[in-house]
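In what follows, a structure is listed as C-alpha cells, so that the remarks can point back to it.
Residue numbers (the numbering used here): 48 to 280.
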C-alpha cells in the first residue's frame with residue numbers, strides 16, 4: 048500500500064487536508080516547519096523540516112519511499128511591492144514554493160512510474176491568474192506551479208500519473224489575516240466581492256476529490272476554490 052505525503056501539514060489548509068485524507072486508509076507522512084503540536088493525535092509520521100534549508104529538504108526527500116499520493120501544500124508568502132521585499136524574503140519564497148515542490152515531484156515520479164500509478168496535487172493560488180498589488184513574486188511562484196504541473200501531466204500521463212492543482216482564493220486562515228494586516232481591508236474586500244470567505248475544509252474537499260478515483264479522468268487541471276473570483280465575479 049502506497050503512502051500519502053502532505054507538506055505544509057500544520058498550516059490551516061494543510062491541516063484540513065491531512066484530516067480529510069487521514070480517512071483514506073493509507074500510511075501518512077506529514078511535513079511541517081513549525082506548530083507540530085497541531086498534528087498531535089494523528090496516525091501519521093510527522094517530520095519537522097524547513098524547506099528553505101536545502102539540508103532539511105534533502106533529509107525529507109530521503110523519506111519519500113513508496114509514495115502513491117503527494118500533496119504539496121507547503122508555501123511561503125511575503126507581501127509587498129517588489130522594491131520593498133528583502134532579498135531573503137524573495138529567496139525564501141522561491142526556495143519553498145518552487146524549488147521544494149519541484150524536487151519533491153522529481154523524487155516521487157520514478158516510484159510512481161514503477162507502480163504505473165500516482166497522484167500529485169500541487170497547491171497554487173488565485174494570484175497565479177489574477178495577481179494583485181503586493182503579490183507579484185508570490186503570484187509568480189504559483190504561476191510556475193501551474194505550468195510545472197501541466198508539464199508533469201503531459202510527460203507522465205501514459206505512466207499512470209495524474210498531476211493537478213488546487214488554486215485557493217480568499218480562505219479563512221492565518222495567511223488571510225496576514226494579508227489583511229499587510230495590505231489593508233480594501234484588497235481583501237475586492238478579492239471576496241462576490242462570495243463569503245472559503246474555509247480550509249473547502250480546499251481539503253477539492254484536494255481529496257483530485258486524489259480519489261472519482262477524478263481519474265482529470266489531469267493537468269487547475270481547480271479553483273475561490274468563489275468565482277478567478278472569473279472576475
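Each residue gets a CB set at the ideal place from its N, CA and C atoms; glycine is no exception. Predicted model only: the values in this text are computed from it and were never measured.
Q: Would you mind sorting residue 48 into buried or exposed? The rule is 16 or more other CB atoms within 10 Å of its CB.
A: exposed
(Q) DSSP three-state label for residue 111, please. (A) coil
Q: Could you say which of 248, 116 and 270 lies nearest to residue 176 if we only look at CA atoms?
A: 270
Q.
Going by DSSP in three states, residue 163 sits in which element: helix, strand or coil?
A. coil
Q. For residue 263, which three-state DSSP category applies?
A. coil
Q) Is residue 120 closer than 8 Å to residue 170 when the C-beta atoms are compared? A) yes
Q. Whose C-alpha, out of 152, 183 and 69, is nearest the C-alpha of residue 195?
A. 152
Q: Look at the Cβ atom of residue 138, then the Cβ atom of residue 217, and state whether they are nearer than 8 Å.
A: no
Q | Proximity to residue 261 [Cα-Cα], best of 82, 209 and 89 | A | 209
Q.
Let's test the definition: count the other Cβ atoms within 10 Å of the Cβ of residue 243 and tell me whether it reaches 16, buried, or not, exposed.
A. exposed
Q. In chain order, which beta strand (DSSP E) runs of at least 3 residues are fully inside the stretch 144-215?
A. 165-170 and 208-215
**Q.** C-alpha gap between residue 56 and residue 65, whole angstroms
**A.** 6 Å
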